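Notes for the one structure printed next.
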Amino acid sequence: MAGYRQTLAALVLAVSTGTGWAASQATAKQIERGQYLARAADCAACHTAEGGTPYAGGRAIETPFGKVYGTNITPDDEYGIGNYSADDFYHVLTQGELPDGTQLYPAMPYTSYHDIAREDSDAMYAYFMSLDGVHVPSPQTDLAWPYSMRWTLNFWNWMYAPDDDAGQRRAADNQRGRYLVDTLGHCGQCHTPRGRLGALKRDRHLQGAVIAGWQAPSLEAEALAARGWDDASLREFMREGRSRQGSMYSEMYPVFHHSTRYLDEDDLKAMSRYLLGENPPAAAHVAQTTAVDDSPGRQLYLNSCAGCHGADGEGAPHVASAMTSNTALRLDSPRNLVKIIHDGIDARAFTGYERVQAMPGFGDALSDPEIAKLATYLRRRWGGQQSVVEADDVAELTGASD
Amino acid sequence: MSTTDPIVSKPLHVTVNGIEQPVEDIPEQLMMLDYLNEYRNLTGTRFGCGIGVCRACTVIVDHEDGRSEEIRTCITGAHYFEGKSIRTVEGHATRDENGDVAKLSEVQQQFLDHFSFQCSYCAPGFVNAATVLVERLQREPVPRSQLEATISDALESHLCRCTGYVRYFRAVRAAVLATPGTTVEG
Ligand code: FES
Ligand code: FES
Chain A
1 MAGYRQTLAA LVLAVSTGTG WAASQATAKQ IERGQYLARA ADCAACHTAE GGTPYAGGRA
61 IETPFGKVYG TNITPDDEYG IGNYSADDFY HVLTQGELPD GTQLYPAMPY TSYHDIARED
121 SDAMYAYFMS LDGVHVPSPQ TDLAWPYSMR WTLNFWNWMY APDDDAGQRR AADNQRGRYL
181 VDTLGHCGQC HTPRGRLGAL KRDRHLQGAV IAGWQAPSLE AEALAARGWD DASLREFMRE
241 GRSRQGSMYS EMYPVFHHST RYLDEDDLKA MSRYLLGENP PAAAHVAQTT AVDDSPGRQL
301 YLNSCAGCHG ADGEGAPHVA SAMTSNTALR LDSPRNLVKI IHDGIDARAF TGYERVQAMP
361 GFGDALSDPE IAKLATYLRR RWGGQQSVVE ADDVAELTGA SD
Chain B
403 MSTTDPIVSK PLHVTVNGIE QPVEDIPEQL MMLDYLNEYR NLTGTRFGCG IGVCRACTVI
463 VDHEDGRSEE IRTCITGAHY FEGKSIRTVE GHATRDENGD VAKLSEVQQQ FLDHFSFQCS
523 YCAPGFVNAA TVLVERLQRE PVPRSQLEAT ISDALESHLC RCTGYVRYFR AVRAAVLATP
583 GTTVEG
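In order, the protein sequences belong to chains A and B.
Going by the numbering used here, 258 is the number at position 258 of the first sequence; the sequence numbering is gapless.
Going by the numbering used here, 481 is the number at position 79 of the second sequence; the sequence numbering is gapless.
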């Protein structure tokens, strides 16, 4: 009987015209589910400008080819998706093609969303249609030729869009985890390396990539464990935005803010299990030493960092991340560490009443050779990374020299 | 697991308010605020939050090229200041031969005239920040029309728990306008 009702509901959906479709046709439950899914898919990260009206568009997304803006996806007839039918919405979401045939730029992660289930798409549609329409135009994109010519994207899609069977071939035992990570969460859009033309290298799934100047670290089980992650800390990190491994910053902060903090514990477990596997490798422990350390980086650390992060790297609860268990120090590449030291991190709010103040950038106070020494010290002292960071690396990573 | 490094001390050479300080062995992990308060008995520099937010602990670093800069001493180690010259809130007024205050600086006087502070806990940070601002504007004047925005920019990170900032703001504007060469037409 329930199945019959669902079919009937689907039929009603199918015959309703786009303009006539209203939130009243969706159940409150469907809308609520749609909101959860829209959060899991992190639509807001791109379709909400910083401090702007939710989903009214406007966030600039840097791509290697130029700037693309998240569009207005509120149900405004002129500037939003007010005229979309549920079919249109599903088609845009999973194929990246507007009702009029216009191809979307692949900054819209439709290659990930390709496998979104129809009923999930319908629930998200119901949710977006239940919002107030916001009558503001989306900013124009600003891409370098030939990427500014949308027809080239048909070519791009032809080359790179995944085949329709991709979803079918997924591992059977943790479909949910994979759906949350790969499809809705579209983690691979940043964490999977891309080829020269911008397509994801599917054979290097979640192996880490450099995006917008930052290292999106590898999310492979071995790599996560080597940086100290286990199931509990991964879930805590997604749920709270911080854990003993560090805090969400840069491009990951909006992911936490708009998406992962809303996920329920079962889904977080499924994601963590999908990333770490059924038998997670043991989280690596980096040996700490107490020998007198007169390396040049030590005094730099005490001068500029220890006030908040602690003389022994222990951090300060509610204030500053510990260095002793910090994941950024354990990455092979010093990229993120150097950029953080140079540019600082903005103040952020986490779950509950947790807040952290801005970390100042030291690009002006410290020279490139000093930042290099400091980064080398931090990585050796607490990261188990022995390589020397050179001043030239700092200049290259921070796009400046002094 | 966290481990504790042994505390090592080494000599520190620093000039405070124009006076070279006696060279002493200072723990390499001592924060500058503690050095000023405990070793030099300069208690005007205040410990507020201790995590770099309130800026009550701000002092001025005077660079050799003539620039002055604000630094938070609660999160900056004493040895960061090795070889440097700084000013604290004790160093702004002109003093007579007995060391008593003879004349306040323009910024200090304007703060008093405008009744800018109440408990004054934040005042050292404001005095130093406003002084750095006036000195910067002397080097790089701004159009008069941009003065208000410039003041907000320069001081907005300083916290005060008692006042509504309005009197600080007015005092700083008065101090800037009373100092020749800080603004240009426009
Ligand atoms: S005490 Fe230094 S900023 Fe608050
Ligand atoms: S006057 Fe009391 S904190 Fe500012």
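The beta-carbon is built from N, C-alpha and C at its ideal position, and this holds for glycine as well.
A quick note: this is a predicted structure, and the numbers were derived from the prediction, not measured.
Pull up the distance between the alpha-carbon of Asn-303/A and that of Ala-375/A, whole angstroms please.
14 Å
Is Gln-510/B a contact residue of ligand 2, with contact defined as CB to any heavy atom under 7 Å?
no
Taking the alpha helix (DSSP H) that Leu-549/B belongs to, which residues open and close that run?
549 to 557
Can Leu-131/A and Ile-116/A be called in contact, C-beta distance under 8 Å?
Remark: C-beta atoms of Leu-131/A and Ile-116/A do not approach each other more closely than 8 Å.
Can you tell me whether Pro-162/A is helix, strand or coil according to DSSP?
Because the pLDDT of Pro-162/A is 48, which lies under 50, any placement of that residue in the model is unreliable, and the number read from its coordinates should be weighed accordingly. Per DSSP, reduced to three states, the secondary structure at Pro-162/A is coil, with no helix or strand assignment.
DSSP beta-bridge partners of Ser-470/B
Asp-464/B
Where Lys-593/B sits in the DSSP three-state scheme:
Residue 593/B falls outside the range modelled here, since chain B spans only 403 to 588, and no answer is possible.
Is the beta carbon of Gly-133/A closer than 8 Å to that of Thr-71/A?
With respect to Gly-133/A, Thr-71/A sits apart: the two C-beta atoms are not nearer than 8 Å.
Residue-chain proximity (Asp-407/B, chain A), Cβ-Cβ < 8 Å:
Contacts with chain A at 8 Å (Cβ-Cβ) include Asp-407/B.
Neighbour-count burial assignment, Ala-373/A, 16 or more Cβ in a 10 Å radius:
Reading the sequence as shown, one finds Lys at residue 373/A and not Ala. Buried, by the Cβ-count rule.
With Glu-94/A as the anchor, note down where its beta strand (DSSP E) starts and where it stops.
Looking at the sequence shown, residue 94/A is not Glu but Thr. No beta strand (DSSP E) holds Thr-94/A; the alpha helix (DSSP H) holding it covers 86 to 95.
Give the residues from the region 442 to 462 of chain B that approach chain A closer than 9 Å (Cβ to any Cβ), ordered along the chain.
Cβ proximity to chain A below 9 Å picks out Cys-451, Gly-452, Ile-453, Gly-454, Val-455 from the region 442 to 462 of chain B.
Buried or exposed: where does Arg-235/A fall if 16 or more other Cβ atoms within 10 Å of its Cβ makes it buried?
Its Cβ being crowded by 16 or more others within 10 Å, Arg-235/A is buried.
Nearest neighbour of Thr-243/A, chosen from Thr-63/A, Trp-214/A, Ala-328/A [CA to CA]
Rather than Thr, the amino acid found at residue 243/A in this sequence is Ser. Ranking Thr-63/A, Trp-214/A, Ala-328/A by Cα distance to Ser-243/A puts Ala-328/A first.
According to DSSP, is Trp-382/A part of a helix, a strand, or is it coil?
helix
If you draw a straight line from the alpha carbon of Ala-347/A to that of Ala-320/A, how long is it in whole angstroms?
11 Å
Who does Glu-426/B pair with in a DSSP beta bridge?
Leu-414/B
Run the CB neighbour count on Leu-414/B, radius 10 Å, all protein chains shown included, and call it buried at 16 or more, exposed below.
buried
Out of curiosity, what's the CA-to-CA distance linking Ile-31/A and Ser-470/B?
57 Å
Shell residues, 7 Å Cβ cut-off relative to heavy atoms of ligand 2
Phe-519/B, Gln-520/B, Cys-521/B, Ser-522/B, Tyr-523/B, Cys-524/B, Ala-525/B, Cys-562/B, Arg-563/B, Cys-564/B, Thr-565/B
Return the CA-CA distance between Val-463/B and Val-534/B, expressed in angstroms with no decimal places.
9 Å
Let me confirm a value: Arg-140/A is counted as buried when at least 16 other C-beta atoms fall within 10 Å, else exposed. Which label applies?
Looking at the sequence itself, residue 140/A is Gln, so the reference to Arg does not match. Looking at its Cβ environment, which holds fewer than 16 other Cβ atoms inside 10 Å, Gln-140/A is exposed.
Got a sec: does ligand 1 put a non-hydrogen atom nearer than 7 Å to the Cβ of Val-425/B?
no
Bridge partners of Leu-200/A, per DSSP?
Arg-194/A
Is the region 259 to 267 of chain A touching the region 334 to 341 of chain A, taking contact as three or more C-beta pairs under 8 Å?
The region 259 to 267 of chain A, when compared against the region 334 to 341 of chain A, does not touch it at the 8 Å Cβ threshold.
Going along the chain, which residues of the region 469 to 501 of chain B sit with their C-beta nearer than 7 Å to a C-beta in chain A?
Answer in chain order: Cys-476, Ile-477, Thr-478, Gly-479, His-481, Tyr-482.
Neighbourhood of Arg-457/B by C-beta distance below 8 Å, restricted to the same chain and skipping five residues each side:
Gly-450, Glu-472, Arg-474, Cys-524, Gly-527, Ala-531, Ser-559, His-560, Leu-561
What is the rounded straight-line gap between the Cα of Lys-486/B and the Cα of Ala-282/A?
48 Å
Contacts of Gln-431/B in chain A (Cβ-Cβ under 8 Å):
Leu-302, Ala-306, Ala-311
With a threshold of 7 Å on Cβ separation, who are the neighbours of Gly-588/B within its own chain once the five nearest residues in sequence on each side are excluded?
Pro-545, Arg-546, Ser-547
Check the Cβ of Asp-230/A against every Cβ in chain B and list those closer than 9 Å, keeping chain order.
Within 9 Å Cβ-Cβ: nothing; Asp-230/A doesn't reach chain B, min ~16 Å.
According to a CB-to-CB cut-off of less than 8 Å, which residues of the region 352 to 373 of chain A neighbour chain B?
Gln-357, Pro-360
Of the listed residues Arg-330/A, Leu-275/A, Val-286/A, Phe-256/A, nearest to Gln-175/A (C-alpha basis):
Leu-275/A
Going along chain B in order, which residues have a C-beta closer than 7 Å to the C-beta of Gln-299/A?
Simply Glu-430, His-481.
When you measure from the CB of Arg-457/B to every non-hydrogen atom of ligand 1, does any distance come out below 7 Å?
yes
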